[in-house]
Each structure stands twice: as structure tokens, then as C-alpha cells.
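Single-structure report; data block below.
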Amino acid sequence: MPKNPIIKFISCCLFLFIFFQLPAGEFYNLKFKGISKEQISFLESISQLASLEKDKPKTKASLKRRAESDVEGFIKALQSLGYYGAKVEFNINFDTNPPLVLFQIKTGPLYPLKEFNILPDPQYKHFFRLPECIDLENLGIELNQTALPKDIIQGQERLLEILEKLGYPLAKVSKRDVLVDETKKNVVVNIYLNQGPLCYFGPVTILGQESVFDELFYKKITWCEGDIYDPKLIDKTQSKLEGTNLFSSINITHPEEARDGVLPITIQVIERKHRSVAAGVAYSTETGAGVLAEWEHRNISNIGERISFKVNIAQIVQEGRFVYVRPDFGRIGQDFLWIVDSQREITKGFRTFSVSLSGIFERQINDHLRISYGGSFKRITDSHTDNDRVFTLLKSPFQLRWNKTNNLLDPTKGHTISLKVIPSVQIIKPQFIYCINLLTGTYYKAINHNDKYIFATKGVFGTIFGSSRHSIPPSERFYAGSENLLRGYHYLTVSPLNHDDRRPVGGRSMLIFSTELRIRNRNSLGYVLFYDFGNVYRTWLPEIGHKFLQSIGGGLRYDTPVGPLRFDLAFPLNRRKHIDGPFQFYVSIGQAF
């Protein structure tokens, strides 16, 4: 049979393909020698051989290419751990079934950081004048410690952050040299810095606004033209503009060049809808089912003035509120509020209907402290109490709130302190004076590093001094037993009781504590265990020897954009006969405190 050259060529190629083909249905094993289990896990996390283990290479050559690509990656990974002299070799044994890929690794010694030098960019040497406050400690750099690349990069980033805070926002690192001395087994890092000029705030350009006047922006800007550039002032301005709820996007930028050190600022915004409507339903075993509705206009005069209407209608509580807010009234950072409140409530201790008109100043003193003060007129009609009558009151409420938490709706660390003082005068005979005082403190602490377990606690102390307890309007006295004060007990019944019918009559002092263990999952669901205890007293100071009422319970939390949705089930440990049920169930938005 004649030999065809084409047939011979095809036969030869087929033979080579079959020879180099991996056995059908077989994969490979990956092993390491010379390193610890932790280092093996680290290298496996970046290995192509490991990540593509289920994708069988078609030939022996493709398996070898995977191994070769891993060599380069492993060397870089070991250098990131400080092993700058690491050596990596591999061998593939095709005689085993499946084939074995063995990496032989010699890490060598850890290389310490000998020097970390900040040098001028040769092109801009005449601009270089490094501030004295910048040293290696501020950059988080330690000499003679392992030269980890991540520490070197973080030190460079801290350098630029510090320079920006000092008024050099245009500073740049033009080059970074990491010099490895194989003989001395150490590392020298040279950072070449273009410091740029000391910059000053220049003119502001506002873009994107449609109905909001420039006046609002200039009231929220926290710097003056000509001030030394400070990124904190940029952040504060951003926060103040976000606080208006008028914009869906706010972007404050500056150019990459400054003429004579003057840095123009551009504020680019996108306005959001200024009107909003909200509605919802609520339920608890204490107040029954209810509906809530709210309407708000956040820009009625194009400078951020707001009005809102809110109603809450439940089986035993019906309330409505109208609020008008004029921002930056009289001074920057001070708001003036007109508030009209109306409330009807039916409890075991009283029935009340009240209407009030208040004028309140609110001022943000600093990042953590806020105060409010003003005056109000309130008319109360109380019945089914030990002092049924109509009260006509003038009040002068004052509130101080200190907040050092990391989140208003769902804090995981920090603390708050709130003090309310409300002097009140009955202006129609018989006249009398009393003062309601309420001190509340909260504390939050993450038990582990990833904030999965949160310890939270709250303490409340209240006292009313002035006229006798009998003179004070019953609905203004202290009561506990609610979703926020001593959970588990019947609604607003924790108070001194009438000796005849065991009806709650209200107290002049209150001392209540709550403790929670909050467990957060990676998904939106969380869990809570809690313990509450405390009581309400007849006297203006708590009677510490008096028995505390206690409750325990648990709940679920589901994260939403407006805060966690709360489901709590609470059990009273000191049930009072004919008053308390076996449990109380609560549904609301936000943590209990």
C-alpha cells in the first residue's frame, strides 16, 4: 500500500497528541513542602491550580503552564508576608494517578525595614518642605520590623492624608522604590513626594440646583474664602447639605491645580423630590393595632424651610402633630420650630386629651452636642384619675443631648446622654409650679472585632419636684410599662397604685435599667436577648429599698433602609394580679434604645 505523506503527517500529530494528553477522567493533586499550614492556605487562596482544580487541563503542557503561572504569584504572595528572598520550585509527577503537582518552597528569613525615607520629587525639589509633625510613628511605620508591603502602602496613604489635613490637598507620590538588599537581608523604602503648594479655599461654584436658592448652600458652607484648605470642613459641609434631605447626590470637588495656592471649589448636586408621603401600620399587645401617616414638604420657600403633618391612630392612643422648621434662624446652625400637638390617650390610670403650641430653638453646638430650648402653652383635660380637671400650663422646656455613637438608628459603639428639664406653671387658679426632669444614658460596646455581638445598656432616672404629687396633672406623672420602658408589663401601669381599686396613679420619680445582647448576622436578620428592671415611686427621689419589677425577653431585628424592624416578646417576672398578662409583644421601627 503506498505511503501518503499527508497520512503520515496526520498520524504523527495524532500520536503526539495522545502521548501528551492527560489520562481521561483524571485530575491532579496539589501539595506543598517547606511552609506552614497557614501559609499553605494563603497560597491556595491565590493559586490557579487550586481555583481551576475542577476544570481539568486538556494536556500535560497546559497543566505545566498553570504551575508556572503559580510560581510567580507565590513569590509575590510570600514577599507580601515579608519573605523577599523566597524561592519556589515545582515538579509534576505524571506517573501517579492522578498526577501530583509538588511545590518545594524556601521562604528564607523575614526581611526587616531598615529605612523609610521621604524624599523630594527631583522635578519639584524647590517646593519641598516637609512639616515637622510628620514622622514615622504618625505614618504607622516601625523600623527593624518585618517590611510588609501593606504597611508600606498604608504609610504612604497616611502621608498624603496628613498633608491634606495640613492644607496640601494636591500632594502626590510620584515614585516609590522598594530596595531589597539580598546581602544584608533588609529593605529600604524611598518615597518621592511632590508636596504641592499650601492651598486656600477659593471661590465656590454651585451646579445642578433647580429650585433651591444659593442662599441655602452658603449657609451650610463651613469655611470662608481665603481659609487654609481643610478636608474636615469639606466633610462638615457635605454632612450639613445631606441633613437637609433636599439632594439625592452631593459631590464637592476641587481641580488638580491651584493658581497661587487658591483652590476653587465646585459643589455639584442633584435635587430629590421635596415632598414625601409615608404610611404604615403598627401593632402591640399594649396599644393594639394602629395606622400611621405623614406628609412633609422640605423646601416650601426654596431655602430649606420645612412643614410636616403626622398622625398616629391606635386603639388607645390618637395623636397628631404639625411642625414648621425654619433653618439657620438668627444664627447659622440654629433652627426655629413651631409645633402644634394634639393627643388623646386612654390607659388604666387616666384618660387625657391635650393640645399644645410650642416655639423651640434647636442648636447644634458641635459634632456631638445638641441643645433645644423655648416655650410652650399646653391645655390638658384629665379624667378617671385622682385629680380630674382641666389644666392650663405654660412650660419652658430645655433639652441637652450628647451623642458619641457611630449610628443614630442602630449603634454598635459609643454612648449618649440626654437631659430634659421642663419647668411648668399652672396659670389658672389654683396656681402651682412643678418641674419634670429626665436623665437618660445609653452605652454600646462590640464584644468581638466584627461587631457580631453588641452589648447595649440604658439607664433612666426621672424626678418631678415642686408641688405635691396630687397637684401635678396625672397624665404628666411618671408611668412605665411600654416598648421602651420596662417591657413586658401592662401599658403604663408601672407606678404607685391606688389602695382601693389598684389603679395606677403615677409617680414623682422613676429609675429603670435595660440591658441587651444584640446578635448580628451577615444577612439582614439579627437577634436580641434583653433584661429590664426598675420601678416608679411616689416620692421625688427613688426608694432604692423598694422592690424592682423585672422582665426578660427576646426579639428579632430585620434591617431596612430606615432602621431595623423590631419584633420583641417580653415576659414580666413579677406579674401583678389582675394587672399584667403573661407576655407583651411589640412591633416597631428602630432599636429599643
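Sequential numbering of the sequence shown, starting at -4, is according to my numbering.
A virtual CB, placed ideally from N, CA and C, is assigned to each residue, including glycine.
The structure displayed is predicted, hence computed values, not measured ones.
With a 10 Å radius around the Cβ and a threshold of 16 neighbouring Cβ atoms, residue 320 comes out buried. The beta carbon of residue 77 sits closer than 7 Å to the beta carbons of 105, 106, 141, 142, 143 from its chain, once the five residues preceding and following it are set aside; these are given in chain order.
Within the same chain, and ignoring the five residues on either side of residue 128 in sequence, the residues whose Cβ sits closer than 8 Å to its Cβ are 157, 161. Of the residues 526, 410, 431, the one whose Cα lies closest to the Cα of residue 456 is 431.
For residue 144, the enclosing alpha helix (DSSP H) stretches over residues 144 to 160. Within a 10 Å sphere around the beta-carbon of residue 444 sit fewer than 16 other beta-carbons, which makes this residue exposed. By the neighbour-count criterion, in which 16 or more other beta carbons inside 10 Å mark a residue as buried, residue 495 falls on the exposed side. Residue 188 has its alpha-carbon roughly 58 Å from the corresponding atom of residue 288. Going by C-alpha positions, residue 238 is about 51 Å away from residue 65.
Put simply, of 249, 469, 454, 258 the residue whose alpha carbon is nearest the alpha carbon of residue 344 is 469. As computed with DSSP, residue 395 is found in a beta bridge with 366, 414. Only exposed fits residue 493, as fewer than 16 other CB atoms lie within 10 angstroms of its CB. It is roughly 48 Å from the alpha-carbon of residue 363 to the alpha-carbon of residue 175. Each residue's CA atom was taken as its position, placing residue 251 and residue 136 some 28 Å apart. For residue 283, the beta-bridge partners assigned by DSSP are 279. Following the DSSP letters along the chain, one finds residue 133 in no beta strand (DSSP E) but inside the alpha helix (DSSP H) bounded by residues 131 to 134. Nearest C-alpha to residue 184 among 413, 351, 541, 173: 173. In this structure the stretch 533 to 543 touches the stretch 498 to 510; the number of beta carbon pairs closer than 8 Å is three or more. Around the Cβ of residue 258, a 10 Å sphere holds 16 or more other Cβ atoms; the residue is buried. Taking C-alpha positions only, residue 423 is separated from residue 384 by approximately 12 Å. Per the DSSP secondary-structure output, residue 95 pairs in a beta bridge with 24, 88. Taking one beta carbon from each stretch, the stretch 225 to 244 and the stretch 266 to 279 have 3 or more pairs nearer than 8 Å; the two touch. Counted as a single uninterrupted DSSP element, the stretch harbouring residue 346 is not any alpha helix (DSSP H) but the beta strand (DSSP E) occupying residues 346 to 359. Between the stretch 394 to 410 and the stretch 546 to 559 there are three or more inter-stretch CB-CB distances shorter than 8 Å, so the stretches are counted as touching. Contact between the stretch 511 to 528 and the stretch 478 to 488 is present, with at least three C-beta pairs closer than 8 Å. Rounded to whole angstroms, the separation of the alpha carbons of residue 514 and residue 83 is 44 Å. Collapsing the DSSP output to three states places residue 542 in coil. In this structure, the CA atom of residue 580 is about 16 Å from the CA atom of residue 488. The C-beta distance from residue 191 to residue 163 rounds to 5 Å, short enough to fall under 8 Å. In this model, residue 329 and residue 397 are separated by some 16 Å (Cα to Cα).
The beta carbons of residue 390 and residue 419 sit about 5 Å from each other, so the pair counts as a contact at 8 Å.
Excluding five sequence positions before and after residue 228, the CB atoms of its chain that fall closer than 6 Å to its own CB belong to 217, 218, given in chain order. Residue burial is scored here from C-beta neighbours: residue 491 has at least 16 other C-beta atoms within 10 angstroms and is therefore classed as buried. Residue state for residue 201 is assigned as strand, using DSSP reduced to three classes. If the five residues before and after residue 210 are omitted, its C-beta is found closer than 6 Å to the C-beta atoms of 298, all from its own chain and listed in chain order.
Per DSSP, the continuous beta strand (DSSP E) segment holding residue 115 begins and ends at 108 to 115.
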